[in-house]
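As structure tokens, the structure follows; a few thoughts come after it.
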Amino acid sequence: MTPEEEIATLRKQVAELTEMVAYLTKKLYGQKSEQTDPNQLSLLEGNDGVFSAPEQTGQQSSATDQVPAKKKRKKTRQESLSRHLAVKETMIDLTGQQCDQGHKLTSVGKKFVREELHFIPAKLYRERIYTRTYKCLECELEDGIAHLIQAHTPAALIPHSLASASVVAEIICQKFILGTPLYRQLPNWKRLGIALSEATATNWIIKSSQMVAPIYDLLWQAISAQRYLQGDETPIQVLRESGKAATAKSYMWVARTVKQCPQQIILYAYSKTRSGTFAQKLYQNFTGILQCDGYAGYNLLANRVTRVGCWAHVRRKFYDAAQVNGKTVASVPLTLIDEMFAHERQWQHFSPRVRRRRQRSQIRKLLKRFWKWIASAQVLPKSRLGKAITYAVDQRPTLDRLINIGMMDWSNNASERNMKRLVIGRKNWLFSTSPAGARSTAIWLTLIESAKANGIDPRAYITYLLKELPQQPDFADPAQLAVYLPWHYPGARHQNKKTTDKHQAKNAA
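Taking the UniProt record's numbering, the leading residue of the sequence shown gets 1, the next gets one more, and so forth.
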């Protein structure tokens, strides 16, 4: 190697390391949001450079049509209040019903002064259940035997324990909805009147998850029958996993229906590995289109599963590459991707047929320009931009398929948002002690997130399941249990109808 070649190589390494330090510094101290300034991302014809310097005039023009962003209207006070809240009216009256001259006053109406919200603190009470006993005196006279008859007693949620549906549902919701670990819940339960141990609370969560496991299995069957799915996975820690160290990674997988599906399912599944063999198990009865990231484990799926990519993953890599001195500079690929997403946001409530037609007519042009720019770009392969280009090229077959599928979103963000619920909780409770606890987490997150996706209150839904399912026979027919799926819950019908009517109105407009 000549001195000149060595200098050139070292300069490349310095540039790569400088870029890496700047990227990691921003990750550590910079903003987490990936929003871009629309005034900086103006795409100009004839601009073949990697980046174009932004002009802070606010009047840049674009060769492509920019989709105006709609500002979300702020809710009024009445809209922020649930219509299900009970109303108590308080009338403030005069202490004496006479005027200053001593004459009697006559009421002519009332005047509204103000409205206030009041909070009723939670409290526990002890319910002692008895069954009344009867006997037939006539039968006893006939045969001399006392015939005792008692009323039927509803089955307990957990035999020989204090656990009721409402208490267990509250523990579950605090942990999996609010992200409050058990050790932080226990002092509050003690203030309410019960000195629970963490072992007891954990046992209640696991045993009650076994009670609702048939509903979880039905949801797994139902999601496997869908035509379009989205999927993701994230690591979790399980301390007592057979054959693994306590510090080793286990994984939680999520599969969910697309937003266009009327019956929403978000399924979490626990696995001790990230191996593609579990992806095969998760999707073994699924035939259709799966949207996921570029993880190689999905390559083991059968040919009956067609994979499509996620443009949000591609955008994230080009966004990272566009960071210069802590600011986002205008990047041709980033701008094109942002315009694709702007169109998709505008069409999100349209029918799949309309979305597919508009994707072919408007986004196809942006895609051609994007791949043309990728083919002509000359950058360092190990730079952030070089890695972004490599990722996009590797995922191109799965990314290009999206333009012909109106049912699929342009990104896999929906499943990532569902996974975020686990990640937020994981930051608080840190780990699962056993595989049984991890499976319990998967079951409860499935029921909670599926309830929320169908527009129903997850606390009410869980309480309903914990009251009703113990009364079913041990080997109940799945057809009998199907009535307990989230979209059959009494509170879901009106809310889902309201959402559907809203979307239909938007499509008609």
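Glycine included, each C-beta is placed from N, C-alpha and C at the ideal position.
Which of the three DSSP states is assigned to Thr463 in this structure?
Translated into the one-based positions of the sequence shown, residue 463 becomes position 463. The three-state secondary structure of Thr463, taken from DSSP, is helix.
When the Cα atoms are used, what is the spatial distance from Leu44 to Ile462?
Along the sequence shown, read from residue 1 onward, the residue named residue 44 stands at position 44. Along the sequence shown, read from residue 1 onward, the residue named residue 462 stands at position 462. With a pLDDT of only 37 at Leu44, under the threshold of 50, the placement of this residue in the model should not be trusted, and no figure is reported.
Quick one: using the 10 Å Cβ neighbour count with 16 as the cut-off for buried, is Gly425 buried or exposed?
Numbered from its first residue, the sequence shown carries residue 425 at position 425. Taking every protein chain shown into account, the CB of Gly425 has 16 or more other CB atoms within 10 angstroms, so this residue is buried.
Can you tell me whether Glu233 is helix, strand or coil according to DSSP?
Counted from its first residue, the sequence shown places residue 233 at position 233. Three-state DSSP puts Glu233 in a strand.
Limits of the alpha helix (DSSP H) - the one that Gln185 falls within:
As a position in the sequence shown, residue 185 is number 185, starting the count at 1. Residue range Leu182 to Leu192 is occupied by the alpha helix (DSSP H) that includes Gln185.
Counting C-beta neighbours from all protein chains within 10 Å, is the total for Thr133 16 or more, i.e. buried, or is it exposed?
One-based indexing of the sequence shown puts residue 133 at position 133. Exposed, because fewer than 16 other Cβ atoms sit within 10 Å of the Cβ of Thr133.
Start-to-end residues for the beta strand (DSSP E) that takes in Gly288
The count along the sequence shown starts at 1 and reaches residue 288 at position 288. Residues Gly288 to Gln291.
Same chain, Cβ closer than 8 Å to Thr9, five either side skipped, listed in chain order
Locating residue 9 in the sequence shown gives position 9, where the first residue counts as 1. Around Thr9: Met1.
Candidates Gln362, Glu140 and Arg356: which alpha carbon is nearest Lys404's?
For this step, residue 404 is matched to residue 404 along the sequence shown. The sequence shown places Asn at residue 404, not Lys. Ranked by Cα distance from Asn404, the options Gln362, Glu140 and Arg356 are led by Arg356.
What does the alpha-carbon distance come out to for the pair Pro490 and Thr25?
Within the sequence shown, the letter at position 490 stands for residue 490. Within the sequence shown, the letter at position 25 stands for residue 25. Taking the straight line joining both Cα atoms gives about 51 Å.
Inside the region 114-147 only - beta strand (DSSP E) runs reaching at least 3 residues
DSSP runs (the beta strand (DSSP E)) wholly in the region 114-147: 133-135.
Taking only the alpha-carbon atoms, compute the straight-line gap between Ile74 and Met211 and give it to the nearest angstrom.
As a first step, residue 74 is located in the sequence shown; it is residue number 74 there, counting from the start. As a first step, residue 211 is located in the sequence shown; it is residue number 211 there, counting from the start. In the sequence on display, residue 74 carries Lys and not Ile. For Lys74 and Met211, the gap between their C-alpha atoms comes out near 42 Å.
If you drop the 5 nearest sequence neighbours on each side, which residues of the same chain put their C-beta closer than 6 Å to that of Gln291?
In the sequence shown, residue 291 corresponds to position 291, counting from 1. For Gln291, where only same-chain residues beyond five positions count, the Cβ hits under 6 Å are Gln230, Val308, Met408 and Asn412.
Less than 7 Å between C-beta atoms, sequence neighbours within five positions excluded: which residues of the same chain meet that for Phe318?
The residue given as residue 318 occupies position 318 in the sequence shown. Within the same chain, Phe318 has close Cβ partners Ser331, Pro333, Leu334, Ile337 and Ala388.
By alpha-carbon positions, which one of Leu481, Tyr251 and Met340 ends up nearest to Leu399?
Here residue 399 is taken as the residue at index 399 of the sequence shown, counted from 1. Closest option to Leu399, judged by alpha-carbon separation, among Leu481, Tyr251 and Met340: Met340.
Please go through the same chain and pick out, in chain order, the residues whose beta-carbon is closer than 6 Å to the beta-carbon of Trp189, but skip the five residues on each side of it.
Within the sequence shown, numbered from 1, the residue matching residue 189 stands at position 189. Within the same chain, Leu196 come within 6 Å of Trp189 by CB-CB distance, once the 5 residues on both sides are set aside.
Please say whether Ala213 and Ile363 have beta carbons closer to each other than 8 Å?
Residue 363 sits at position 363 when you count from the first residue of the sequence shown. Residue 213 sits at position 213 when you count from the first residue of the sequence shown. It is not a contact, given that the beta carbons lie outside the stated cut-off.
Counting only the same chain and skipping the five closest in sequence on each side, list residues whose C-beta sits under 6 Å from that of Ala451.
Your numbering for residue 451 matches position 451 in the sequence shown. Within the same chain, Cβ atoms closer than 6 Å to the Cβ of Ala451 are found at Pro458, Tyr461 and Pro486, the five residues on either side in sequence being excluded.
Counterpart residues of Leu267 in DSSP-defined beta bridges:
Along the sequence shown, read from residue 1 onward, the residue named residue 267 stands at position 267. Note: Leu267 sits in a beta bridge opposite Ala255.
From the DSSP output, in three-state form, read off Ser415 for me.
Translated into the one-based positions of the sequence shown, residue 415 becomes position 415. DSSP places Ser415 in the helix class (H, G or I) of the three-state scheme.
Across which residues does DSSP place Lys104 in a beta bridge pair?
Against the sequence shown, residue 104 aligns to sequence position 104. DSSP lists Gln98 as partners of Lys104.
Collapsed DSSP secondary structure at Ile158 in the structure displayed:
Counting from one through the sequence shown, the residue named residue 158 turns up at place 158. In the structure shown, Ile158 sits in coil (DSSP, three-state: anything other than H, G, I, E or B).
Environment of Thr18 [buried if 16+ CB atoms lie within 10 Å]:
Locating residue 18 in the sequence shown gives position 18, counting from the first residue. Exposed, by the Cβ-count rule.
So, do the region 219-237 and the region 280-295 have three or more beta carbon pairs nearer to each other than 8 Å?
Result yes; three or more Cβ-Cβ pairs closer than 8 Å.
How long is the line joining the alpha carbons of Glu115 and Pro121, rounded to whole angstroms?
The residue given as residue 115 occupies position 115 in the sequence shown. The residue given as residue 121 occupies position 121 in the sequence shown. Between the C-alpha atoms of Glu115 and Pro121 there is a straight-line separation of about 20 Å.
What first and last residue would you give for the beta strand (DSSP E) that runs through residue 514?
The displayed coordinates of the chain run from 1 to 509. Any statement about residue 514 would go beyond what the structure contains.
Check whether the region 268-280 touches the region 292-302, counting contact only when three or more Cβ pairs, one atom from each stretch, lie closer than 8 Å.
Output reads yes: the region 292-302 touches the region 268-280.
To which residues of the same chain is Ser440 closer than 6 Å at the C-beta, ignoring the five residues directly before and after it?
Here residue 440 refers to the residue found at position 440 when the sequence shown is read from its first residue. For Ser440, where only same-chain residues beyond five positions count, the Cβ hits under 6 Å are Ile205, Ile206 and Ser209.
Along the alpha helix (DSSP H) that carries residue 524, what are the first and last residues, could you check?
Residue 524 is absent from the structure shown; the chain starts at 1 and stops at 509.
From Val258 to Ile177, what does the alpha carbon distance come to, in whole angstroms?
Your numbering for residue 258 matches position 258 in the sequence shown. Your numbering for residue 177 matches position 177 in the sequence shown. Between Val258 and Ile177, the C-alpha separation is close to 22 Å.
Count the other C-beta atoms from every protein chain shown that fall within 10 angstroms of the C-beta of Glu79, then say buried if there are 16 or more, exposed otherwise.
If you number the sequence shown from 1, residue 79 lands on position 79. Exposed: under 16 other Cβ atoms inside 10 Å.
Same chain, Cβ closer than 6 Å to Gly276, neighbours up to 5 away in sequence not counted:
Start at 1 with the first residue of the sequence shown, and residue 276 comes out as number 276. Contacts found: Gly297 and Leu300.
Do you know offhand how far Trp373's Cα is from Gln263's?
Your numbering for residue 373 matches position 373 in the sequence shown. Your numbering for residue 263 matches position 263 in the sequence shown. In a straight line, the C-alpha of Trp373 is about 40 Å away from that of Gln263.
Could you round the C-beta distance between Val254 and Ser415 to whole angstroms and report it? I think they count as a contact, below 8 Å.
On the sequence shown, residue 254 is found 254 positions in, with the first residue counted as 1. On the sequence shown, residue 415 is found 415 positions in, with the first residue counted as 1. The distance from the Cβ of Val254 to that of Ser415 is about 5 Å, consistent with a contact at the 8 Å cut-off.
Compute the distance between the beta-carbons of Ile215 and Leu422, then report whether it is under 8 Å.
Here residue 215 is taken as the residue at index 215 of the sequence shown, counted from 1. Here residue 422 is taken as the residue at index 422 of the sequence shown, counted from 1. Their beta carbons are not under 8 Å apart, which means Ile215 does not touch Leu422 by this criterion.
Under 8 Å, do Gly406 and Arg353 count as touching if we go by C-beta distance?
Residue numbering aside, residue 406 sits at position 406 when the sequence shown is read from its first letter. Residue numbering aside, residue 353 sits at position 353 when the sequence shown is read from its first letter. A contact, by the Cβ cut-off of 8 Å.
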